[in-house]
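Presented below is the structure to which this report refers.
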Amino acid sequence: MTITLESERTRRAVPGMVWLDLTRKCQLGCSHCFNESGPAGEHGTMTRDDWVRVLDQAAACGIRRIQLIGGEPTMHPDAAHLAEYALTLGLDVEVFSNLVHVTARWWDLFQRDGISVATSYYSDDPAEHNTITGRPSHRLTRANIVRAVQLGVPLRAGIIETRSGQRVAQARRDLEAIGVTRIRVDRVRRIDRAAEGQPTRTSELCGRCGDGRASVGPTGDVSPCAMASWMSVGNVREASLADIVSGTTMAQAVASITAAPRGRWLRA
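Quick note, the sequence shown lines up with residues 1269 to 1536 if you use my numbering.
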């Protein structure tokens, strides 16, 4: 088989994972939400067929892992179907859920080979956690974390430090006591709602956006990262995923992110 320069360039640029950023609808109203999701959010203009086509293209060009994210992805009417379809393509699927409400169908899916779950946890103190999420969510999220661990669901948790004095260390100890072993602590990123009216800056990103990853949003726009949705580099309803991620616009976006200064970031 002859490999052309263009096909080799595409192969090198294909990310290892892709976020399917399905929706802006969410039960919560987190003060630090990076894409303005909430109860009034919408699912966007991508149809089920559009999302299925993205999955087909992802598998065809060598992507092996996807993450369903939002908003709350499990609130999207096609999310469970898309997770199941991705598994038939041999893709690994992670569902990033707030775990406020988990239906029987989702519990069944969470226990399937190839599926894992990620969630956010803010404090061992229910009042502090609920203040951050804007809803009385602590009891539900914690109970479903406990259930996931008991069922052997592969689970990782992120603790976002949104304010001074937040009970971050105590939240971590609480998760460890439950049995969660994969835990990361991150600072709040001043993007969208968390920017509090200030312009969004690429310096708030981690700097790894577009490096082995890309995101497809609710309208089909592709960006280097789910947290950089304002940086559209193409649309999957107008061009193939492979062409977009290997294109000049993506390369330019990644270069601008890489060049931005960085402050304090992630800690284990």
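Virtual Cβ for every residue (Gly too), placed ideally from N, Cα, C. Predicted model, so just to flag it, every value in this text is computed and none were measured.
_Please report the straight-line C-alpha distance between residue 1442 and residue 1392, rounded to a whole angstrom._
Translated into the one-based positions of the sequence shown, residue 1442 becomes position 174. Translated into the one-based positions of the sequence shown, residue 1392 becomes position 124. So the alpha carbons of these two residues sit roughly 6 Å apart.
_Best match in 1288, 1487, 1368 and 1519 for proximity to residue 1314 [C-alpha to C-alpha]_ = Start at 1 with the first residue of the sequence shown, and residue 1314 comes out as number 46. For residue 1314, the nearest C-alpha among the options comes from 1487.
_Rounded to the nearest angstrom, what separates residue 1280 and residue 1500 at their Cα positions?_
Position 12 of the sequence shown holds residue 1280. Position 232 of the sequence shown holds residue 1500. With a pLDDT of 46 at residue 1280, under the threshold of 50, the modelled position of this residue cannot be trusted, and the question is left open.
*asked:* According to DSSP, simplified to helix, strand and coil, what is residue 1524?
replied: Your numbering for residue 1524 matches position 256 in the sequence shown. Three-state result, residue 1524: helix.
*Could you check if residue 1351 is buried or exposed, using at least 16 other CB atoms within 10 Å of its CB as the buried criterion?*
Within the sequence shown, residue 1351 is the residue found at index 83, counting from 1. Around the C-beta of residue 1351, 16 or more other C-beta atoms lie within 10 Å, and the residue is accordingly described as buried.
_the segment 1449-1458 touching the segment 1411-1426, judged by at least three CB pairs closer than 8 Å_ = Verdict: yes, contact present.
*Might you give, ordered along the chain, the residues of its own chain that have their beta carbon closer than 8 Å to the beta carbon of residue 1292, omitting 5 neighbours on each side?*
What you label residue 1292 is simply residue 24 of the sequence shown in a count that begins at 1. So the qualifying residues of the chain are 1303, 1304, 1305, 1306, 1309, 1310, 1311, 1312, 1338, 1339 and 1486.
*Grab me the residues of residue 1295's own chain with a C-beta within less than 8 Å of its C-beta, minus the 5 sequence neighbours each way, in chain order.*
Against the sequence shown, residue 1295 aligns to sequence position 27. 1307, 1340, 1343, 1366, 1368, 1369, 1403 and 1405, listed in sequence order.
*Quick one: measure Cβ to Cβ for residue 1435 and residue 1453, integer angstroms, because I've assumed they're closer than 8 Å.*
Residue numbering aside, residue 1435 sits at position 167 when the sequence shown is read from its first letter. Residue numbering aside, residue 1453 sits at position 185 when the sequence shown is read from its first letter. With a Cβ gap of about 12 Å, residue 1435 and residue 1453 do not count as contacting.
*Sorted by chain position, which residues of the same chain lie with C-beta nearer than 6 Å to residue 1415's C-beta, five sequence neighbours on each side aside?*
Locating residue 1415 in the sequence shown gives position 147, where the first residue counts as 1. Here the set comprises nothing.
*Runs of alpha helix (DSSP H) wholly within the segment 1342-1397 (minimum 4 residues, chain order)*: Within the segment 1342-1397, the complete alpha helix (DSSP H) runs of at least 4 residues are 1347-1356 and 1372-1378.
_Supposed close pair residue 1390, residue 1396 - CB separation, criterion 8 Å_ = Counting from 1 along the sequence shown, the entry for residue 1390 is found at position 122. Counting from 1 along the sequence shown, the entry for residue 1396 is found at position 128. Contact holds; Cβ gap of about 7 Å.
*Taking 7 Å as the CB-CB limit, is residue 1486 close to chain B?*
Although the question refers to chain B, the structure presented lacks it and comprises just one protein chain.
*Which residues does DSSP pair with residue 1412 in a beta bridge?*
Position 144 of the sequence shown, counted from the first residue, corresponds to residue 1412. Within the DSSP bridge table, the entry for residue 1412 names no partner.
*Would residue 1283 be called buried (16 or more neighbouring beta carbons within 10 Å of its own) or exposed?*
Working through the sequence shown from its first residue, we reach residue 1283 at position 15. Residue 1283 comes out buried.
*For residue 1516, is the classification buried or exposed, using 16 other Cβ atoms within 10 angstroms of its Cβ as the cut-off for buried?*
Numbered from 1 along the sequence shown, position 248 holds the residue referred to as residue 1516. Residue 1516 is exposed by the Cβ-count criterion.
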